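Protein chains in written order, with the numbering used here: chain A, 30 to 325; chain B, 361 to 617; chain C, 361 to 617; chain D, 281 to 534; chain E, 281 to 534. Where is the CB? At the ideal position from N, CA and C, for every residue including glycine. Because the structure is a prediction, the values reported are computed rather than measured. Reading through the structure tokens given below for one structure.
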Amino acid sequence: APADKAEKVEKINITYVKSPLNVPSIIQKSQNMLASEFGKDNIEVAFHEITAGPKQTQALAAGSLDILNALGATSAILAAANGVDLKIISIFSRAPEAFMIISKTPDIDEPADLKGKKVGGPTGTVLHQLLMAALTANSLTAQDIEFVSMDIPSAVAAMQNGSIDAALAAGPASLRALNAGAHIVTTGEGLVEGAIVVAVRGEFLRKHPDLVKRFNKVHQESLAFIKNNPEETYRLTAEETGLSVEDVKKMFPWYDFNHEIKPSDIEEMKKTQEFLIKNGMLTNSIKIEDLIVTLK
Amino acid sequence: MNHRLIEGLCLPFFIVAFWFIGSGLELWNEFIIPSPQKTWQSAQFLLSEGILTSHVLVSLYRVFAGFLLAFFLAFPLGILTGMKPKVLGYLEPILELIRHIPPLATVPMLILWFGIGETPKLVIIILTTFFPIFLNTLNGVVHCDKKLLEVGQSFGFNSRDKFMKIILPASLPNILIGMRIGLGYSWRALMGAELIAASAGIGFMINEATHLSRPDIIIVGILTIGIIGTVSDHLFFRILHRFVPWKDEKEVQNGGG
Amino acid sequence: MNHRLIEGLCLPFFIVAFWFIGSGLELWNEFIIPSPQKTWQSAQFLLSEGILTSHVLVSLYRVFAGFLLAFFLAFPLGILTGMKPKVLGYLEPILELIRHIPPLATVPMLILWFGIGETPKLVIIILTTFFPIFLNTLNGVVHCDKKLLEVGQSFGFNSRDKFMKIILPASLPNILIGMRIGLGYSWRALMGAELIAASAGIGFMINEATHLSRPDIIIVGILTIGIIGTVSDHLFFRILHRFVPWKDEKEVQNGGG
Amino acid sequence: MAGVNIVGLSKQYTIGDHSFYALKDIDLNIDDGSFTTIVGKSGCGKTTLLRLLCGLEKQTEGTIDFTSGKETCKTAKRVGIVFQEPRLMHWLTVKENILFSLCRETKSAEKEELAEKYLQIMGLAKFKDAYPSQISGGMAQRTALGRTLCYDPELILMDEPFAALDYFTRKNLQEEMVNLFLAYGKTIIFVTHNVEEALFLGQKVVIVEGGRIIQIIPVDFPYPRSYTSLKSLGILEEIIQTINYGQKSSSLAG
Amino acid sequence: MAGVNIVGLSKQYTIGDHSFYALKDIDLNIDDGSFTTIVGKSGCGKTTLLRLLCGLEKQTEGTIDFTSGKETCKTAKRVGIVFQEPRLMHWLTVKENILFSLCRETKSAEKEELAEKYLQIMGLAKFKDAYPSQISGGMAQRTALGRTLCYDPELILMDEPFAALDYFTRKNLQEEMVNLFLAYGKTIIFVTHNVEEALFLGQKVVIVEGGRIIQIIPVDFPYPRSYTSLKSLGILEEIIQTINYGQKSSSLAG
Ligand SMILES: Nc1ncnc2c1ncn2[C@@H]1O[C@H](COP(=O)(O)OP(=O)(O)OP(=O)(O)O)[C@@H](O)[C@H]1O
Ligand SMILES: Nc1ncnc2c1ncn2[C@@H]1O[C@H](COP(=O)(O)OP(=O)(O)OP(=O)(O)O)[C@@H](O)[C@H]1O
Ligand SMILES: [Mg+2]
Ligand SMILES: [Mg+2]
């Protein structure tokens, strides 16, 4: 509404999540793209490093954050379904290959071998969904394995000492585990998309649609930068994440940073919501289409 | 007693009233602090399904096992180092180091050494509980009245007698306060402990509710820990007092009748 | 002094030796406990780039700010409730409740109330640090020798004088031990505190290293917290002792020279 | 200065589930500027009486009124007590203990002077920097005495202040007390086990037995007194007799 | 039973940066089964001597040998000390305090009997269930005395055990001590400020001044003694004179 326009925004609070390999964020920050875009209007851009999805949505609900630059689709759905006023404005990345089930035991080669084994990983996440999808694809059910709930670092550590047979892993953790002798049982390819989205606070979007649009523009600029300066991008990413350039190059192709929301993405999110409901992790449901805002 | 209860319930009453009113007037975000009604519904659901009870039982076991293990490590070590400063000299730097390290940081190592069963969870609780008991016991022993110790010495008491008949009763207030702080921290350590591959427990319930964005369950969990913790503290130290054969000077003065 | 140092370094020396040998013989998984050489390299890298130092400075600020705030809340409250049991009656239940609640569980509420700046981090540290100081102070005041208090009473001391001239010096050992435990917990709380939207700090460094699977950095972080914590404890209580105008009975006996 | 008027004073204590009167129906009038000594067997209630007088204990029955000239009030302004045990602050030196009662505002020159004076009187000058754990029993008692005198009370209650002192130190301090009394006209109530001491010091000797006053003996003998002349009075034996064969009420009445 | 042989005993203390001898060149022979009393001014070193004897303090110079018949050893088997302050365990009742020294293995019937006996002697039977904070100063001192006697030591060291007691209680207990001494032939070393008491009790009165023994007066008068007959001996005055005009060595030798 035009009346709200009078309310001057002084500061935009944005999350800054660099891992697992959030190249566009890294570029936006290192190239001062947002600062120079909004600096024109004397608007400060504050970056907040909040990695965990639930914490991002909590801070958003509390009004401390305006834009969540890289939020797992699962977290977005959970929060929205439980009443948080948030909207998805674009896709940050899809990385089916970055999410994987890994194992150190030689006799677990493919998901079918997981029958009767212990698998560890974070509950209610893309990774969990991946596991379920992989089981279903191999005519197994949740009852056929023993699932142990833990975060990724713990799962990898537990796999290393043999407490569990397979771990759900993503990002640098999986890369290092692979370097340390683990092998991939399956990735998300063909099973889950592993979408990471860009979400904004509903109220912020309603009051300042222009700012959101300008943010979206900067996001596109960063994608262009990545396309045009690959070597520079690798270097900056390596610097920021502490990974080696080789590792970055190895991981980079796992990610698809196309920001457009395609119908397939919406389908995928619906599947995710179904998965959450089916597994008793979500009781309410939300219409996914209502979550999506298309910026013109 | 009744009077004290009423006094004590004043502040909680106001807080709950404020919660009701604030939620009614929508003073804050429903997603972070759900209304009392909604919280109560969730609590009832969790209770009626027996979910809450089973979580509580699992956590109770962990807390008490962890606390007792911590006690049986910290208490004798506090006594030993208090009575033999030489031993303290050897152990102090390493204990000081451990004392400052966040137990959560050691989770990967704990998993490596202890797997993902109950052991690493208990170790987290022990690491959190150990130091208040240890340091307060040590302090009590070190500051034990020298004049009373000399009485024991003059009667040719051996270390054991000195300990049992003088040091222990004299430093009991300190030891008890260390145990109370320790027991409190045992409850607090649950969240961290039950991050490690738990499938039940109040800490697990809260962790999961956080992941699944269920603030109502988080609040139920917080209140459950708070209440069960308070009650267990009360019971534990009541019972302990029964077993303690000596009366506190204060009690005697406040009416020995 | 030198002698004591050597005694104290015995155990750490054995542990480091064990680490060297174990890593050399590949007794454990390099992925979780990297070799001393590798850890040393990472430490050097972090140091030479100034990264470690800047993390340490940020955390030092948080620890001391949090600790001091906690102290200035807990200490007066401990004194007040110790001297006026009536006030304790009103506050006890709510304090007991809070004492058992894991501060980490309250993070969503902290974010709601305090945003995501420094405040919620400090609040986490305060919540962790408050109780040892509070309970030990309370304990010290409550168990203060009645006979000495009567001396003050007979001289018509007002509450302030009674406190400054009798209660404080008499309960100083208890208060100090509460502060030491509290300061230790301030360091430990860093991990949790710096989970909330931090971009620097030792706790943040460890959290990030955990996510990035950099066990070498985790170990550097753990050791840094351990060492800086120990040193800060030492310095802090040395300085404090200077400012304390009364001598401890023990010190007098151990040679007043 | 302050006199005391005690009427029907009783104090009941409970040990276990057993109640008894440590003091029963005490009537006593202490004149402003008088020196009263109290004698009696161990456990007869002397300390209890002093504790009631300085407000450390609440009476079960009866009243205590403090008089100052024609005024009467329930609480005295400056009542100083020397406890039966030294009760020194173990974290303060002898000198600091002596100055303990002084408020912050007292000038340090004045403090020095006071400390000097009482260290001298108590014969502790050489030990002014010692801590309580470093001095002898008698020294501790003298420090406690110095501390109370330094407070400069109008009414001085003394609970066997010289019990741990040898013959000569005791004698010196007795004379000091008499000097103090004569010079400043303080009101002094002095508990002692030593009947000779009671006679040497008091204008009135109060004999307590089983929580009751069984006799009050006036000693109209001018100060300074001497032990030998007191003996000739012949009341020493009388008092001893009274205490020993006095009204034999058990102090445990129940 | 145990005698003591003290040769060249000295004890140095440091207060601040000031060192001095609290005891200097003490030579003293205590026979097995003898009763020795020690008198001297406050701060002269009496307590220090007892503390050295029961091993609570290490001497700076000199030797202490304990003799038992013909044997000599460095540590005595059972030395009991009554401290100058009661030092009761505040969490135990009077009765429990009296039985404090007994080991766990002592049968409870035997304990009851011992408690009964010493509560009776000390006149504390009615207060056996009271806690130290509930009894009077004199009662506390008697409790401490009972505790040490209950330990049944071969060598009993007593540091002004009757200081807080009134004339009669004191007299009763003096007689009890003499009975105990006569009946069981214990070796007793008894510090007191009361010269009459020293004469009434001791076979040997040791006068200490400024950390040195300045005189040892044998009292060859058979037990039981009476105060009046002691006076006729005329040594009372002599002792008082000795203490007062004795070798005036300062106890602070800095
Ligand atoms: N721990 C100590 N440190 C330093 N000086 C001490 C210590 N204990 C005793 N002294 C000193 O030794 C001297 C003798 O003390 P001691 O207690 O033996 O005297 P005493 O003869 O028992 O006197 P009193 O009759 O007053 O009890 C005193 O000057 C005292 O200050
Ligand atoms: N706090 C208390 N609780 C219960 N009884 C007490 C308390 N204080 C004193 N009494 C009792 O009161 C009686 C009188 O004690 P009080 O201390 O007045 O005796 P006293 O005349 O000073 O004796 P002494 O000469 O031995 O010091 C004693 O029987 C004692 O046990
Ligand atoms: Mg008394
Ligand atoms: Mg002495």
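By a C-beta neighbour count over all protein chains shown, 10 Å radius and 16 as the cutoff for buried, is P445(B) buried or exposed? The sequence position of residue 445(B) within the second sequence is 85, counting from 1. P445(B) should be labelled exposed.
Any non-hydrogen atom of ligand 1 closer than 7 Å to M419(D) Cβ: Translated into the one-based positions of the fourth sequence, residue 419(D) becomes position 139. Yes; taking the cut-off as 7 Å, the Cβ of M419(D) has a heavy atom of ligand 1 nearer than that.
Cβ-heavy atom distance, K321(D) to ligand 3, below 7 Å: Stepping through the fourth sequence from its first residue, residue 321(D) is reached at position 41. No, since every heavy atom of ligand 3 falls outside the 7 Å radius drawn around the Cβ of K321(D).
Short of 9 Å Cβ to Cβ, which residues in the stretch 506 to 534 of chain B face chain E? K507, L508, E510, V511, G512, Q513, S514, F515, G516, F517, D521, M524, K525, I526, P529, A530 and L532
Identity of the residue in M419(D), S348(D) and I295(D) nearest E434(D) by Cα: For the purposes of this step, residue 434(D) is identified with residue 154 of the fourth sequence, where counting begins at 1. Here the closest residue by C-alpha is S348(D).
Is the distance from the Cβ of H571(B) to the Cβ of P182(A) below 8 Å? Locating residue 571(B) in the second sequence gives position 211, counting from the first residue. Locating residue 182(A) in the first sequence gives position 153, counting from the first residue. No, the pair does not count as a contact, with Cβ atoms beyond the cut-off.
Bridge partners of S348(D), per DSSP? As a position in the fourth sequence, residue 348(D) is number 68, starting the count at 1. S348(D) is bridged to E351(D).
Does the beta-carbon of Q414(D), which I'm using as the reference point, lie nearer than 7 Å to any heavy atom of ligand 4? The sequence position of residue 414(D) within the fourth sequence is 134, counting from 1. No, ligand 4 has no heavy atom inside 7 Å of this Cβ.
Pick helix, strand or coil for N61(A), following the three-state DSSP scheme. Position 32 of the first sequence, counting from 1, holds the residue named residue 61(A). In the structure shown, N61(A) sits in coil (DSSP, three-state: anything other than H, G, I, E or B).
Beta bridge counterpart(s) of Q495(D) as assigned by DSSP: As a working note, residue 495(D) is residue 215 in the fourth sequence. Answer is I487(D), bridged to Q495(D).
Can you tell me the Cα-Cα spacing of P453(C) and T497(C), whole angstroms? Along the third sequence, read from residue 1 onward, the residue named residue 453(C) stands at position 93. Along the third sequence, read from residue 1 onward, the residue named residue 497(C) stands at position 137. Computed Cα separation, rounded: 18 Å.
Flag I295(D) as yes when its Cβ comes closer than 7 Å to any non-hydrogen atom of ligand 2, and as no otherwise. Translated into positions along the fourth sequence, residue 295(D) becomes position 15. Correct: I295(D) has its Cβ closer than 7 Å to ligand 2.
Which same chain residues end up closer than 7 Å to A425(C) when comparing Cβ atoms and leaving out the 5 residues on each side of it in sequence? Translated into positions along the third sequence, residue 425(C) becomes position 65. Counting only Cβ-Cβ distances below 7 Å, and skipping sequence neighbours, we find L482.
Can you give me the C-alpha to C-alpha distance between M188(A) and H594(B), rounded to a whole angstrom? Within the first sequence, residue 188(A) is the residue found at index 159, counting from 1. Within the second sequence, residue 594(B) is the residue found at index 234, counting from 1. Taking the straight line from one Cα to the other gives about 41 Å.
At what residues does the beta strand (DSSP E) containing V447(C) begin and finish? Along the third sequence, one-based indexing puts residue 447(C) at 87. Here V447(C) belongs to no beta strand (DSSP E); instead the alpha helix (DSSP H) covers P445 to H460.
Against chain F, which members of the stretch 72 to 96 of chain A pass a CB distance test of less than 7 Å? Among the protein chains in the structure shown, which are A, B, C, D and E, there is no chain F.
Tell me the DSSP secondary structure of A282(D) in three-state form. Residue mapping note: residue 282(D) aligns to position 2 of the fourth sequence, counting from 1. Looking at A282(D) - three-state DSSP - the assignment turns out to be coil, as it is neither helix nor strand.
Determine the contact status of T328(E) and E337(E), defining contact as a CB-CB distance below 8 Å. Start at 1 with the first residue of the fifth sequence, and residue 328(E) comes out as number 48. Start at 1 with the first residue of the fifth sequence, and residue 337(E) comes out as number 57. Yes.
Could you check whether the Cβ of L487(B) sits closer than 8 Å to any Cβ belonging to chain A? Along the second sequence, read from residue 1 onward, the residue named residue 487(B) stands at position 127. Chain A contact via Cβ: absent.
Span of the beta strand (DSSP E) holding D294(A)? As a first step, residue 294(A) is located in the first sequence; it is residue number 265 there, counting from the start. Careful: D294(A) lies outside any beta strand (DSSP E), inside the alpha helix (DSSP H) at P292 to K307.
Quick check: is the beta carbon of I361(E) nearer than 8 Å to any beta carbon in chain B? For the purposes of this step, residue 361(E) is taken as the residue at position 81 of the fifth sequence. Interface residue, yes.
So, with DSSP's three-state summary, where would you put K304(D)? Taking the fourth sequence and counting its residues from 1, one reaches residue 304(D) at position 24. Strand at K304(D).
N-terminal and C-terminal residue of the alpha helix (DSSP H) that L272(A) is part of: Against the first sequence, residue 272(A) aligns to sequence position 243. First-last for L272(A): undefined, no H or E at that position.
Check whether the stretch 87 to 96 of chain A touches the stretch 52 to 72 of chain A, taking contact to mean three or more Cβ pairs, one atom from each stretch, closer than 8 Å. no
Contact criterion: CB-CB distance below 8 Å. Does W379(C) meet it with respect to chain A? Here residue 379(C) is taken as the residue at index 19 of the third sequence, counted from 1. Not closer than 8 Å to any Cβ of chain A, the Cβ of W379(C) fails to qualify, so no.
Sub-8 Å separation of D312(D) and G283(D) beta-carbons: Taking the first residue of the fourth sequence as 1, we reach residue 312(D) at position 32. Taking the first residue of the fourth sequence as 1, we reach residue 283(D) at position 3. Contact flag set, yes.
Cβ neighbours of S530(E) in the same chain (closer than 7 Å, five flanking residues each side left out): Numbered from its first residue, the fifth sequence carries residue 530(E) at position 250. Since pLDDT at S530(E) reaches only 37, below the 50 mark, its modelled position is unreliable, and the value read off the structure follows with that caveat. G490.
What is the DSSP secondary structure of T570(C), counted as helix, strand or coil? For the purposes of this step, residue 570(C) is identified with residue 210 of the third sequence, where counting begins at 1. T570(C): helix per DSSP, three-state reduction.
When you measure from the CB of C324(D) to every non-hydrogen atom of ligand 6, does any distance come out below 7 Å? In terms of ligand content, the structure shown lacks ligand 6 and carries ligand 1, ligand 2, ligand 3 and ligand 4 instead.
Should Q339(D) be counted as a contact of ligand 3 given a C-beta to heavy atom distance under 7 Å? As a first step, residue 339(D) is located in the fourth sequence; it is residue number 59 there, counting from the start. No, since every heavy atom of ligand 3 falls outside the 7 Å radius drawn around the Cβ of Q339(D).
Hey, out of I579(C), M469(C), T584(C) and G500(C), whose CA is closest to G538(B)'s CA? As a working mapping, residue 538(B) is identified with position 178 in the second sequence. Considering only alpha carbons, the answer is G500(C).
According to DSSP, simplified to helix, strand and coil, what is G500(B)? Your numbering for residue 500(B) matches position 140 in the second sequence. Helix at G500(B).
Looking only at C-alpha atoms, which of A549(B), L451(B) and S573(B) sits nearest to L369(C)? Here the question's residue 369(C) lines up with position 9 in the third sequence. Measuring from the Cα of L369(C), the nearest candidate turns out to be L451(B).
C-alpha gap between K354(D) and L516(D), whole angstroms: Position 74 of the fourth sequence, counting from 1, holds the residue named residue 354(D). Position 236 of the fourth sequence, counting from 1, holds the residue named residue 516(D). Rounded to whole angstroms, K354(D) to L516(D) spans 35 Å at the Cα level.
Work out the CA separation of N287(A) and E250(A) for me, nearest whole Å. Numbered from 1 along the first sequence, position 221 holds the residue referred to as residue 250(A). Numbered from 1 along the first sequence, position 258 holds the residue referred to as residue 287(A). When rounded, the distance between both Cα atoms is 12 Å.
Counting only beta-carbon separations shorter than 8 Å, does S48(A) have a partner in chain C? Mapped onto the first sequence, residue 48(A) falls at position 19. For S48(A), the answer is yes, since a Cβ of chain C falls inside 8 Å of its Cβ.
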